[in-house]
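Peer 1:
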Amino acid sequence: MQIIIMHSRFTQARSLTLGTPHIVVAVLAFVLLTLLTGVLMAALSMRLASADVPLFRSLLPLPAAMASDAGGKDRYLQENLSAMAAKLGEMEAHLIRLDALGERVQGLAGIKPEEFQFREAPGRGGPEISHAPSSELNIEQVQELLKKLGQDIEHRSDYMNAVETQLMAFKLQSKLLPTTPPVNVAYNASGFGWRSDPFSGRSAFHEGIDFSAPTGTPIVAAAGGVVIASEYHPQFGNMIEIDHGGDLITRYAHSSKVYVKLGDIVQRGQHIADIGSTGRSTGAHLHFEVRVRDVPQNPHKFLSSGIKPNQGR
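Each residue of the sequence shown is one higher than the one before, counting from 3 in my numbering.
#1: Kindly examine the ligand GTP and report whether one of its heavy atoms sits closer than 6 Å to the Cβ of G285.
#2: Would you be able to state if there are at least three C-beta pairs under 8 Å between the segment 204-219 and the segment 283-300?
#3: Give me the DSSP bridge partner(s) of R293.
#4: Starting from Y325, follow the beta strand (DSSP E) in both directions and report where the run begins and ends.
#5: Pull up the distance between the alpha-carbon of I267 and that of G247, whole angstroms please.
#6: Quick check on N163: does DSSP put it in helix, strand or coil?
#7: Pick from S202, F290, G195: whose alpha carbon is nearest that of M241?
#8: Looking at the structure shown, is F58 part of a helix, part of a strand, or coil, going by DSSP?
#9: Taking the alpha-carbon positions, what's the A67 to G74 distance?
#10: Could you tell me if L64 is buried or exposed, where buried requires 16 or more neighbouring beta carbons within 10 angstroms of its beta carbon?
#11: Take L148 and list the residues in its own chain whose beta-carbon comes closer than 8 Å to its own, dropping the five residues that flank it on each side.
#12: Determine the DSSP secondary structure at V29, reduced to helix, strand or coil.
#13: Taking the straight line between their C-alpha atoms, what separation do you get for L103 and V229?
#14: What are the boundary residues of the beta strand (DSSP E) that includes E243?
#15: By the three-class DSSP mapping on this structure, what secondary structure does G288 have?
#16: Can you tell me whether A206 is helix, strand or coil according to DSSP?
#17: Determine, using beta-carbon pairs with one atom in the segment 297-308 and one in the segment 178-190, whether at least three such pairs fall under 8 Å.
#18: Could you check if G40 is buried or exposed, using at least 16 other CB atoms within 10 Å of its CB as the buried criterion?
#19: Leaving out the 5 sequence neighbours to the left and right, which residues in its chain are closer than 7 Å to H273 when beta-carbon positions are compared?
#20: Give the straight-line distance between the Cα atoms of A31 and I25, rounded to the nearest whole angstrom.
#21: Which residues share a DSSP beta bridge with K259?
#22: Run through DSSP, which three-state label would F194 get?
#23: Just how far apart, CA to CA, sit S258 and L169?
#24: Does the separation of the CB atoms of E233 and P298 fall below 7 Å?
#25: Classify F304 as helix, strand or coil using the three-state DSSP reduction.
#26: Return the CA-CA distance between G265 and T167, expressed in angstroms with no decimal places.
#27: Helix, strand or coil: how does DSSP classify V268 here?
#28: With DSSP run on the structure shown, which of helix, strand or coil describes V41?
In structure tokens:
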């Protein structure tokens, strides 16, 4: 191939002869330059894609954009699944604690285990509404449901703790109420209220009840408490007073023998004295009083609440 070059500066035309080797070298140089340009463009594209430039991402070819988006979704799903798994673990621990708390409350409330099962799922059901619109939950909605369920479990746990505390207080208080008959006899000689005084014959208010029994008959504490008096009284003879808390005391009078002293802690049903006829008394008996804030109460109200069905005093 011969190329003729003409120009005004040239005094005569010049010619350039290109042979086959020159053409081959030129073609190879063009191909190499094209490949080098492609490699540089690809490297630049990957660098900008990793930099997450929004404008450039919109210009990326569809396969590359789809691959990057799929990878992001996978990471997003994995992170949310891990978070939900951790939340489910916390909720499972809360449910185990709530089950144990429910069983304790069940026992305090006196509910039979077979009547209230905590570890069995309750029965549910209902008609299927085929025409109702259905939609699948997304991850955000599932996370919101888990959050709400966790809050509900915590609220129920707090409520059950409050109920357990209240039931425990009631149970302890009931153990301190004088509901155990102090003497094992079938009747009492004199009741609570107005009566004719056995010494003067005048009408007088009797602040307790009298249990008539032979001298030496055991007297037991009607409830647990602390002995606040164990002494001889001109009217009551050998007398014991027990403080049960809540400004409630019981008084045991006219005993022949006393087995407890001031400051002793006694239990319900503990033998504390023997029946006698000391003090202002016409015969062997126990004068028993229940006082709240030093106001006499009818002992029958307390003793009758401690009697079980088909059981006499």
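Backbone N, C-alpha and C fix where the C-beta goes; we use that ideal spot for every residue, glycine too.
Peer 2: Based on what the coordinates show:
#1: No copy of the ligand GTP appears in this structure; indeed no ligand is present at all.
#2: yes
#3: According to DSSP, which records beta bridges pairwise, R293 is partnered with I251, P298.
#4: As shown, the chain starts at 3 and ends at 315. That puts residue 325 outside it, with no answer to give.
#5: 12 Å
#6: helix
#7: F290
#8: Residue placement at F58 is poorly supported in this model, since its pLDDT is 49, which falls under 50; the coordinates are not used for a value here.
#9: Unreliable positioning characterises A67 in this predicted model, as indicated by a pLDDT of 49, which lies under 50. A coordinate reading is not provided.
#10: Interpretation of L64 is limited by its pLDDT of 49, a score under 50 that renders its predicted location unreliable; the figure taken from the coordinates is listed afterwards. Result: exposed.
#11: M86, K89, L90, M93
#12: helix
#13: 36 Å
#14: Element bounds for E243: 239-245.
#15: It is Leu, not Gly, that sits at residue 288 in the sequence shown. Residue state, collapsed to three classes: strand.
#16: strand
#17: yes
#18: exposed
#19: P220, V222, Y261
#20: 10 Å
#21: D276
#22: coil
#23: 40 Å
#24: no
#25: helix
#26: 29 Å
#27: strand
#28: helix
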